[in-house]
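Structure first, then comments.
2 protein chains.
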Amino acid sequence: MKNYLDVIKKSPLFHNIEDFNVIPMLGCIAGYKKSYEKGQIIFSEGDLINEIGIVLKGKVELSKYGYNGNKSIIVTLEAPQMFGESYACSEIKKIPVDIISIEDSEILFVNVERILKTCSNACSFHNKMISNLLTAVANKNIVLNKKIEITSKRTTREKLLTYLFLKAKEEGKKQFTIEYDRQSLADYLEVDRSGLSVEISKLCKEGIIDNQKNHFILKRNIYI
Amino acid sequence: MKNYLDVIKKSPLFHNIEDFNVIPMLGCIAGYKKSYEKGQIIFSEGDLINEIGIVLKGKVELSKYGYNGNKSIIVTLEAPQMFGESYACSEIKKIPVDIISIEDSEILFVNVERILKTCSNACSFHNKMISNLLTAVANKNIVLNKKIEITSKRTTREKLLTYLFLKAKEEGKKQFTIEYDRQSLADYLEVDRSGLSVEISKLCKEGIIDNQKNHFILKRNIYI
DNA sequence: CTCCTTTTGTTGAAAATTCAACATACATTG
DNA sequence: CAATGTATGTTGAATTTTCAACAAAAGGAG
Numbered sequence: 001m002k003n004y005l006d007v008i009k010k011s012p013l014f015h016n017i018e019d020f021n022v023i024p025m026l027g028c029i030a031g032y033k034k035s036y037e038k039g040q041i042i043f044s045e046g047d048l049i050n051e052i053g054i055v056l057k058g059k060v061e062l063s064k065y066g067y068n069g070n071k072s073i074i075v076t077l078e079a080p081q082m083f084g085e086s087y088a089c090s091e092i093k094k095i096p097v098d099i100i101s102i103e104d105s106e107i108l109f110v111n112v113e114r115i116l117k118t119c120s121n122a123c124s125f126h127n128k129m130i131s132n133l134l135t136a137v138a139n140k141n142i143v144l145n146k147k148i149e150i151t152s153k154r155t156t157r158e159k160l161l162t163y164l165f166l167k168a169k170e171e172g173k174k175q176f177t178i179e180y181d182r183q184s185l186a187d188y189l190e191v192d193r194s195g196l197s198v199e200i201s202k203l204c205k206e207g208i209i210d211n212q213k214n215h216f217i218l219k220r221n222i223y224i
Numbered sequence: 225m226k227n228y229l230d231v232i233k234k235s236p237l238f239h240n241i242e243d244f245n246v247i248p249m250l251g252c253i254a255g256y257k258k259s260y261e262k263g264q265i266i267f268s269e270g271d272l273i274n275e276i277g278i279v280l281k282g283k284v285e286l287s288k289y290g291y292n293g294n295k296s297i298i299v300t301l302e303a304p305q306m307f308g309e310s311y312a313c314s315e316i317k318k319i320p321v322d323i324i325s326i327e328d329s330e331i332l333f334v335n336v337e338r339i340l341k342t343c344s345n346a347c348s349f350h351n352k353m354i355s356n357l358l359t360a361v362a363n364k365n366i367v368l369n370k371k372i373e374i375t376s377k378r379t380t381r382e383k384l385l386t387y388l389f390l391k392a393k394e395e396g397k398k399q400f401t402i403e404y405d406r407q408s409l410a411d412y413l414e415v416d417r418s419g420l421s422v423e424i425s426k427l428c429k430e431g432i433i434d435n436q437k438n439h440f441i442l443k444r445n446i447y448i
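Line by line, the protein sequences are chains A and B.
All residue numbers for the first sequence refer to our numbering, where the first residue is 1 and numbers rise by one.
All residue numbers for the second sequence refer to our numbering, where the first residue is 225 and numbers rise by one.
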């Protein structure tokens with residue numbers, strides 16, 4: 001079985017851990033690999049998890065059933081992304097989603113308690129991994145906070161302007177290119193695509209923004 | 225100056241740390257107290273923070289200005305709640321909010337790097353605090369995820385049903401009391417209060433739920 | 001360049017939300 | 001228990017979103 005060291009090194013959990021420390025580290029935290037066939041269930045909704053999964057090969061899908069029994073796909077992950085960290089680290093270890101391998105996949109599992117318990121040999125990279133884990137969870141936190149700030153606005157126009165305003169602030173300029181096409185932006189803002197197009201046109205006509213495809217310019221009435 | 229040990233002990237960061245360890249712990253992580261008068265600014269938007277603030281006395285307000293220059297209050301915190309942890313722990317240390325003392329307050333600051341760097345005397349409670357911090361950030365993550373799952377639905381009815389469905393699942397029963405009054409629930413769901421009342425009435429008439437004030441019963445068509 | 005596909009913009013009708021105003025129920029207190 | 005204030009329910013009008021269908025533009029392949 002391939003050891004996937006190259007992939008593991010790219011995972012946020014192993015960020016800034018020197019190559020030659022990765023193998024000892026894995027031993028130290030008792031990480032283990034597991035293979036899943038296409039369609040195989042990795043975790044079912046309601047499972048209690050103490051382990052973080054890192055996708056080494058293949059693809060996994062997080063999905064969930066709503067009150068009406070409809071399944072919705074939340075996200076698809078590939079190497080070297082990880083899943084389960086929020087739940088494994090929280091007090092509520094019950095995961096609220098199904099996690100399914102949608103391709104033949106290899107997953108690396110690492111136990112959170114083993115990460116947190118500094119090992120007997122007090123390895124320096126152990127502390128680095130704890131800090132990486134905390135950073136990863138905190139980063140996600142910020143992403144979610146931002147999304148809530150934007151989508152909690154009531155109209156398409158307000159959502160869009162809030163999004164553009166925050167983007168401009170991040171970039172530090174009133175002119176920037178976004179990473180979404182129209183449909184993805186509509187999905188992110190939780191609005192209708194055609195309604196979004198209408199709103200962008202309006203803002204352009206009103207002279208508040210300029211827009212060419214993914215490139216936006218904030219012209220006035222926006223306080224950065 | 226009061227030492228506020230009783231408050232500190234209640235903070236999530238000091239959860240399960242024995243009383244007699246709190247003082248040594250504070251020394252170990254170089255925690256320090258600071259007083260703020262009513263109206264005084266604790267952090268301004270854009271400040272880089274490396275410290276978590278724990279409210280020991282008084283009240284602090286997190287607020288922010290939108291694209292239109294309007295100020296909106298995000299949350300008010302009192303003892304023993306903490307703030308800044310997501311930013312102090314993340315890669316983006318710039319806080320996006322103003323944090324203001326709205327009463328005469330006392331704040332305990334602890335440096336995240338000092339928490340993460342296991343101290344020379346390798347105190348056992350140090351590890352506990354790291355784990356507490358991680359748990360706190362991960363818990364918030366779950367709260368935010370849930371809120372997004374609910375508010376990303378497009379109609380008041382879907383938001384409400386998703387909320388009730390998740391609540392029922394958490395409680396493990398189809399009958400439960402919620403912690404919100406109508407206005408707070410509307411705020412949480414990001415919908416209009418009167419529209420929410422209309423929807424609750426409809427669902428009752430349709431025989432899908434029963435409701436008396438804060439008490440809800442899911443009757444059918446809800447898959448838990 | 002042309003054909004074909006994908007993305008984006010536009011339109012109008014239907015559905016849903018918001019808003020303001022008022023009615024009713026509930027709770028508190030003097 | 002009357003009076004007052006707060007919370008909740010109801011209504012209709014105005015605004016906004018969604019939805020479906022189509023038009024226009026952009027991009028790629030041959």
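All C-beta atoms, glycine included, are put in the ideal place defined by N, C-alpha and C.
Since residue i sits in a beta bridge, which residues does DSSP pair it with?
i	result
Y32 (chain A)	A:F109
V299 (chain B)	B:L286
I95 (chain A)	I95 (chain A) pairs with nothing; no bridge assigned.
M306 (chain B)	B:I278
S325 (chain B)	B:V284
I433 (chain B)	B:L442
F176 (chain A)	A:F216
L48 (chain A)	A:K94
Along the chain, where does the alpha helix (DSSP H) containing residue i start, and where does it finish?
i	result
K391 (chain B)	T380 to E395
K283 (chain B)	That residue, K283 (chain B), is in no alpha helix (DSSP H); its beta strand (DSSP E) goes K283 to Y289.
T359 (chain B)	S348 to T375
I8 (chain A)	L5 to K10
I41 (chain A)	From DSSP, I41 (chain A) is part of no alpha helix (DSSP H) but of the beta strand (DSSP E) over I41 to F43.
L196 (chain A)	R193 to K205
D187 (chain A)	R182 to L189
With a threshold of 7 Å between beta carbons, is residue i in contact with chain A?
i	result
I316 (chain B)	yes
C313 (chain B)	yes
Y404 (chain B)	no
E414 (chain B)	yes
I276 (chain B)	no
A362 (chain B)	yes
L286 (chain B)	no
I366 (chain B)	yes
L340 (chain B)	yes
S355 (chain B)	yes
Y260 (chain B)	no
S348 (chain B)	no
S376 (chain B)	yes
By Cβ distance, which residues of its chain are closer than 6 Å to residue i, with the 5 residues on each side in sequence left out?
i	result
I54 (chain A)	S11, M82 and L108
K38 (chain A)	E103 and D104
I276 (chain B)	M306, G308, E309, A312 and V334
Kindly list the residues whose CB is nearer than 8 Å to the CB of residue i, restricted to its own chain and excluding five residues on each side of it in sequence; keep chain order.
i	result
K59 (chain A)	T76, L77, E78, S101, I102, E103 and S105
R220 (chain A)	G207 and I208
N274 (chain B)	A312, K317, N335, V336 and E337
L420 (chain B)	T380, L384, R406, L409, A410 and L413
S124 (chain A)	none
Using beta carbons (cut-off 7 Å, strictly below), is residue i in contact with chain B?
i	result
T76 (chain A)	no
K2 (chain A)	no
L161 (chain A)	yes
K128 (chain A)	no
L227 (chain A)	In the structure as shown, chain A begins at 1 and stops at 224. Residue 227 (chain A) is therefore absent and cannot be evaluated.
F165 (chain A)	yes
S11 (chain A)	no
L134 (chain A)	yes
I44 (chain A)	In the sequence on display, residue 44 (chain A) carries Ser and not Ile. Not an interface residue.
Near residue i, what residues of its chain come up, given a Cβ to Cβ distance below 7 Å and the 5 sequence neighbours on each side ignored?
i	result
P96 (chain A)	E45 and K64
F400 (chain B)	K391, A392 and F440
T118 (chain A)	H126
E253 (chain B)	At residue 253 (chain B) the sequence reads Ile, which differs from the Glu that was named. The answer, listed in chain order, is V334, N335, R338 and I339.
S296 (chain B)	S287, K288 and G290
Pick from the options: whose alpha carbon is nearest that of residue i?
i	options	result
G84 (chain A)	A:K117, A:G195, A:K140 and A:K159	A:K140
N21 (chain A)	A:V143, A:K219 and A:I8	A:I8
Y259 (chain A)	B:N274, B:C252, B:L390 and B:S421	Outside the displayed span of chain A (1 to 224) sits residue 259 (chain A), for which this structure offers no information.
C89 (chain A)	B:H350, B:A362 and B:A312	B:A362
I178 (chain A)	A:N16, A:V112, A:H215 and A:K117	A:H215
L203 (chain A)	A:K159, A:E171 and A:E170	A:K159
I323 (chain B)	B:G293, B:D434, B:L286 and B:K257	B:L286
Y256 (chain B)	B:L229, B:N240, B:I265 and B:I241	B:L229
Beta strand (DSSP E) containing residue i: first to last residue?
i	result
F14 (chain A)	First-last for F14 (chain A): undefined, no H or E at that position.
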